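Data first, discussion second: the structure below is written as structure tokens.
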Amino acid sequence: MSIDIEILTGATSWPIARPLLHAVWPDNAAASGPAFAAADLRVLLEDETGLACHVGIHWRDAMWNDRKIRIGGIGAIATRPDCRRRGYASIALNAATQTLKDERATDFALLFCEPQQAAFFQERRWRAFTGEIRTPAPGSGPGTPYVFDLRRAPREGVIDLCGSPW
Numbered sequence: 386m387s388i389d390i391e392i393l394t395g396a397t398s399w400p401i402a403r404p405l406l407h408a409v410w411p412d413n414a415a416a417s418g419p420a421f422a423a424a425d426l427r428v429l430l431e432d433e434t435g436l437a438c439h440v441g442i443h444w445r446d447a448m449w450n451d452r453k454i455r456i457g458g459i460g461a462i463a464t465r466p467d468c469r470r471r472g473y474a475s476i477a478l479n480a481a482t483q484t485l486k487d488e489r490a491t492d493f494a495l496l497f498c499e500p501q502q503a504a505f506f507q508e509r510r511w512r513a514f515t516g517e518i519r520t521p522a523p524g525s526g527p528g529t530p531y532v533f534d535l536r537r538a539p540r541e542g543v544i545d546l547c548g549s550p551w
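Residues 386 to 551 in the numbering used here are what the sequence shown lists, from first letter to last.
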């Protein structure tokens, strides 16, 4: 088995990522949820069959307990259905968090997940954020927030994402 990982800018890599993301989340399913920002960077994992996994990286200047912070958002974690259960999402997620660590200006990583995905992230050292997340449309958050320590990661308090889309 051979895999390649590339980390590319979000806009220029969209044509590469789009078919995978649309295969995992058809347009009509995505239209019913909240609007999300385009990724600043994309982790793309290819195996011998083509693009197998994607992780989006988003930088956001935000506030935590009225203090300015820089968050590395992780989103659009998608693995092609025929490539699941091979560890590709773990590899791509590790590449994304390492990219944020190497950047050295990001305080912590943040993602949102559904309850059925929580164990996956907890096994990879993501911790639940039990505080309040402020978004422009209260209640529009897509799941439970999890944080990953880069320099520091809060477990509680108030995170204000300071605008949308996230």
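A virtual CB, placed ideally from N, CA and C, is assigned to each residue, including glycine.
Quantities reported herein were computed from a predicted structural model and do not represent experimental measurements.
Check, Outcome
"Which of helix, strand or coil DSSP assigns to D451", "coil"
"Residue from K486, Q502 and W511 whose Cα sits closest to the Cα of Y531", "W511"
"Helix, strand or coil at W399 [DSSP, three-state]", "helix"
"Helix, strand or coil at T482 [DSSP, three-state]", "helix"
"Buried versus exposed, by CB contacts within 10 Å (16 or more), H407", "exposed"
"At least 3 beta-carbon pairs within less than 8 Å: the region 447-456 vs the region 464-477", "no"
"Between the CA atoms of S549 and A424 - distance to the nearest angstrom", "13 Å"
"Unbroken stretches of the alpha helix (DSSP H), 4 residues or longer, contained in the region 486-532", "503-507"
"Cβ distance (whole Å) where D534 is taken to contact F493 below 8 Å", "6 Å"
"Continuous beta strand (DSSP E) stretch holding I392: start and end", "D389 to T394"
"Per-residue DSSP class, three states only, for A461", "strand"
"Separation of T515 from L393, as counted between CA atoms", "32 Å"
"Rounded straight-line distance, which links the Cα of T484 to that of V440", "12 Å"
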